[in-house]
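Student:
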Amino acid sequence: MAVSVAASIPRTVDRAFPSPPSQNSKLPHLSSLQFPPQLRAFRIRSHCVKSKLRHRTLTLVASKDHTSSSFDELLENSDKPVLVDFYATWCGPCQFMVPILEQVSESMINEIQIVKIDTEKYPAIADKYKIEALPTFILFKDGKPHDRFEGAMGKDKLVQRIETSLQ
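Counted from 1, the sequence shown has number 34 at position 45 by the numbering used here; the numbering is strictly sequential.
1) For the ligand SAH, is there a heavy atom less than 8 Å away from the beta-carbon of Ile120?
2) Here's the rule I'm using: 16 or more other beta-carbon atoms within 10 Å means buried, otherwise exposed. How should Ser14 be labelled?
3) Please state the DSSP three-state secondary structure of Lys117.
4) Apart from the five residues just before and just after Glu65, which ones in its own chain have a Cβ nearer than 7 Å to its Cβ?
5) Once the 5 residues before and after Val92 are set aside, which same chain residues still bring their CB inside 6 Å of it?
6) I need the straight-line Cα distance from Ser57 to Thr108, nearest angstrom please.
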């Protein structure tokens, strides 16, 4: 069942926190990690409930602009197996995997190379490998897909999966 955010905001809250008049759309100024002011304070009977705005800092693994040909060259010319993380910036489990991938990269620096591909910026690469769920990990060996798995997981499970696949 789909619920509209605008429909779920009580009228009293809507009047208490009016949108700026200069904006035609109701919520265009919001990021995916922040609720609108209307949803941060609301009334339940006579009690006012407020939620604190929590700022999250997400460290992103550095990514290079990849065209299909430069990505293929990277896979073919790598002297180590390459683990490719297909992700999207709006994907919660993908963001959960960022520090885990950094740890895995540090601990397996001599065994594998990790590359991140934003599926929204590079849809042709995502289509080529039939990415349908996020995050999706493909382990390439000698320039060809060797193993594929989907979903967020902890560091130990990811390292175990990579090591098992490389044997």
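The beta-carbon is built from N, C-alpha and C at its ideal position, and this holds for glycine as well. Computed from a predicted structure; not experimentally measured.
Tutor: In short, the structure shows the following:
1) Absence of the ligand SAH is noted for the structure shown, with no ligands found whatsoever.
2) As a working mapping, residue 14 is identified with position 25 in the sequence shown. Residue placement at Ser14 is flagged as unreliable, the pLDDT there being 44, under the threshold of 50; the coordinate-derived value follows with that caveat. Exposed: under 16 other Cβ atoms inside 10 Å.
3) By one-based count along the sequence shown, residue 117 stands at place 128. If DSSP states are grouped into helix, strand and coil, Lys117 belongs with the helices.
4) Numbered from its first residue, the sequence shown carries residue 65 at position 76. Same-chain partners within the cutoff: Gly132.
5) Reading the sequence shown from its first residue, position 103 is the one you call residue 92. A small correction: the amino acid at residue 92 is Gln; Val does not occupy that position in the sequence shown. Once the five neighbours on either side are set aside, the close Cβ partners of Gln92 are Lys144.
6) By 1-based counting over the sequence shown, the position of residue 57 is 68. By 1-based counting over the sequence shown, the position of residue 108 is 119. About 12 Å.
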